[in-house]
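Per the working numbering, residue 3 is the first one in the sequence shown, and the count goes up by one each step.
The beta-carbon is built from N, C-alpha and C at its ideal position, and this holds for glycine as well.
All figures in this text were calculated on a predicted structure; none of them were measured in a lab.
First the structure, in the form of structure tokens, and then the observations on it.
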Amino acid sequence: MHPWSAGPASRQTTTPSRFVSTGHVPGCLVALALLAALLLPLAPERVLAADQWQSASTDALTVMMEPNERLAVSSFLDAYGHFAETAIDEISLVLDIESAGRPILIQVFAREQLYDDAIAALPRANESNDVLAFADAEHATVLIPLSRFIALPTQDAENQLRHAIAHILIGQASEFNIPAGFDEGFARYVERARQPTLARYASIVQSAYRDSSLASWSNMNRTVPLDDQELVEAQAYASVGYLLQSYGLDAFQTFVTELQTTATWRDAMNLAYAPFDSDDLERQWRDDIPLWAQGDWKWNLVAGFDLQPARDLLARGNFEGASNALLVSEQLLSEIDDPEWAAEVTELKDLARIGSLAEAKMKETQQALENFAYDRAFAAIEQAADQYNQLPADLRPTDLIAQYRERAITGIGAMEDLEVARIQAGAWSDYPDARAAAIDSASGFAALGDAEGHQDARMLVSQMDATQRQLVLLLATLALLTLVWLVLWLLYRPSPVLRWDGQD
């Protein structure tokens, strides 16, 4: 986390004076003073005293809320505070901001009319209708209507906070000299990327390009642009995206810093992107639109902060998809300095790499089994198991590994039985063992669907049986011939000559 972010342990809460007080901290006192200053221009009959607003704070945030019966200020901070703090951390890294001058104040209005009056008094309140969280950048304040905000889906609420906080932080980084177009484009760029929204931006910009109705950067950066608001917002997003994708964060950070001292935004851009000037960059951006509209619009550098898609893909065992999802995170990592986040990216990359290797070995095993190359299958499955053992247990396909290993072992056993049967087949005394080994081999091959191996084993059995029959027939023939000879010999042998004198 950023040094000026805090978790629940650092939260302080104060309540209106008519409630029991739980303490006051300097951050809340500053927030009360700011709140009083913000409420001064509003109609007196609509305004509560600043110290009657409920407050809760962390090191990075202070939430001030009108008393209401719907939601306690501490509950609001619990529900949305981590989104705001994450936005502060990430956007600060993008802008290379070391620290903040004071905590950001989130002012939550229970009454819609008071909210409407407050945003009407802001110096730049020409945001489109999709914006609920308005930024008063110079006062580091976000203004929110309670009822409408808490009704938003979670991701929409997070993006509202990210959008407003981006206005504040880039304002602070440029000493509030950031021109309106790049200000709005940056605020939209650092929102959590949603493909339907980005696709809409791409469609609007592509249509304007084809119709030759794109706004110039000069008009885009007017406080009140002359062109269609929707076009200016989409074009502002696309322009900031082009600068970040083509020239990286360092040049953009330099541009924002140069705005502190240069007379115009064009002067700052000329210095930051030298040798190109602002006209060159605008021309390059226009020339790039056809390619961008074909698919580059999906690329968003700040989306690299969101590691959840990669985690989800890993959890589903889609290691290649996780590796692809981390590509933009790797690029972002090369441009920012955050050791803690870098360690997390590295860990996920290692898991994806190991998983991809294991998955490749599983495919190799499957192919070897399909080709009945059992030795190769066994070697591959053992290598896959070694790789999977380096992953969390819930990412290991334990049953499939066991199934592949069993098939490989069965195939190796069948091959060994067949080889033993072939060796013993020539020995009369080994015939029973050889025949049994060949039958076992045939059964093993049959279980694996190995028709060729099964046929080889059955042929060997048939050959041994045929040889055995031939031997039996030969022996029987020999026995019969011997018997016939003996009978004939007995029948036709000459009678012996009798000699009575006892002499031969």
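Cβ-Cβ distance between residue i and residue j below 8 Å
i: residue 200; j: residue 217; result: no
i: residue 359; j: residue 406; result: no
i: residue 327; j: residue 335; result: no
i: residue 171; j: residue 57; result: no
i: residue 175; j: residue 203; result: no
i: residue 441; j: residue 389; result: no
i: residue 152; j: residue 108; result: no
i: residue 380; j: residue 410; result: yes
i: residue 525; j: residue 90; result: Residue 525 falls outside the range modelled here, since the chain spans only 3 to 506, and no answer is possible.
i: residue 462; j: residue 495; result: no
i: residue 111; j: residue 177; result: no
i: residue 485; j: residue 458; result: no
i: residue 62; j: residue 100; result: no
i: residue 287; j: residue 244; result: yes
i: residue 337; j: residue 252; result: yes
i: residue 124; j: residue 136; result: yes
i: residue 386; j: residue 412; result: no
i: residue 260; j: residue 270; result: yes
Other residues of its chain near residue i: CB distance less than 6 Å, five sequence neighbours each side excluded
i: residue 183; result: 222, 223 and 238
i: residue 42; result: Reliability of the predicted coordinates at residue 42 is poor, the pLDDT of 47 falling under 50, and the value obtained from them is presented with this limitation in mind. Excluding sequence neighbours, residue 42 sits near nothing in its chain.
i: residue 492; result: none
i: residue 190; result: 239
i: residue 452; result: 374
i: residue 85; result: 160 and 163
i: residue 439; result: 419, 422 and 423
Status (buried if at least 16 other CB within 10 Å, exposed otherwise) for residue i
i: residue 483; result: exposed
i: residue 408; result: exposed
i: residue 72; result: exposed
i: residue 161; result: buried
i: residue 330; result: buried
i: residue 212; result: exposed
i: residue 185; result: buried
i: residue 363; result: buried
i: residue 120; result: buried
i: residue 343; result: buried
i: residue 92; result: buried
i: residue 404; result: exposed
i: residue 490; result: exposed
i: residue 487; result: exposed
i: residue 398; result: buried
i: residue 443; result: buried
i: residue 241; result: buried
i: residue 227; result: buried
i: residue 150; result: exposed
i: residue 132; result: exposed
i: residue 164; result: buried
i: residue 138; result: buried
i: residue 198; result: exposed
i: residue 303; result: buried
7 Å CB neighbourhood of residue i in its chain, flanking five on each side removed
i: residue 229; result: 217 and 221
i: residue 70; result: 112 and 148
i: residue 98; result: 255
i: residue 308; result: 194
i: residue 117; result: 111, 145 and 147
i: residue 377; result: 414
Residue i at chain D interface by Cβ criterion, 8 Å
i: residue 381; result: Judged by its chain identifiers, the structure shown contains no chain D, having just a single protein chain.
Cβ neighbours of residue i in the same chain (closer than 8 Å, five flanking residues each side left out)
i: residue 456; result: 444, 447 and 448
At least 3 beta-carbon pairs within less than 8 Å: the segment 305-324 vs the segment 272-291
No, the segment 305-324 is not in contact with the segment 272-291.
Contained beta strand (DSSP E) runs [length at least 3] in the segment 118-196, N- to C-terminal order:
If we require 3 residues or more, the beta strand (DSSP E) runs fully inside the segment 118-196 come out as 136-138 and 143-147.
So does the segment 291-305 actually touch the segment 204-213, counting three or more Cβ pairs closer than 8 Å?
Output reads yes: the segment 204-213 touches the segment 291-305.
Closer than 8 Å is the cut-off here; do at least three beta carbon pairs connect the segment 339-357 with the segment 368-388?
Counting C-beta pairs closer than 8 Å gives fewer than three between the segment 339-357 and the segment 368-388, which falls short of the contact rule.
If you scan the segment 247-293 from start to end, which runs of the alpha helix (DSSP H) of 4 or more residues do you find wholly inside it?
Counting only runs of 4 or more, we get 267-274.
Could you tell me which uninterrupted alpha helix (DSSP H) segments, each at least 4 residues in length, are contained entirely in the segment 387-444, listed from first to last along the chain?
Listed in chain order, the complete alpha helix (DSSP H) runs (minimum 4 residues) inside the segment 387-444 are 400-426.
Which full runs of the alpha helix (DSSP H) of 4+ residues lie inside the segment 300-372, going along the chain?
The segment 300-372 contains these whole alpha helix (DSSP H) runs: 310-317, 321-327, 329-335 and 341-372.
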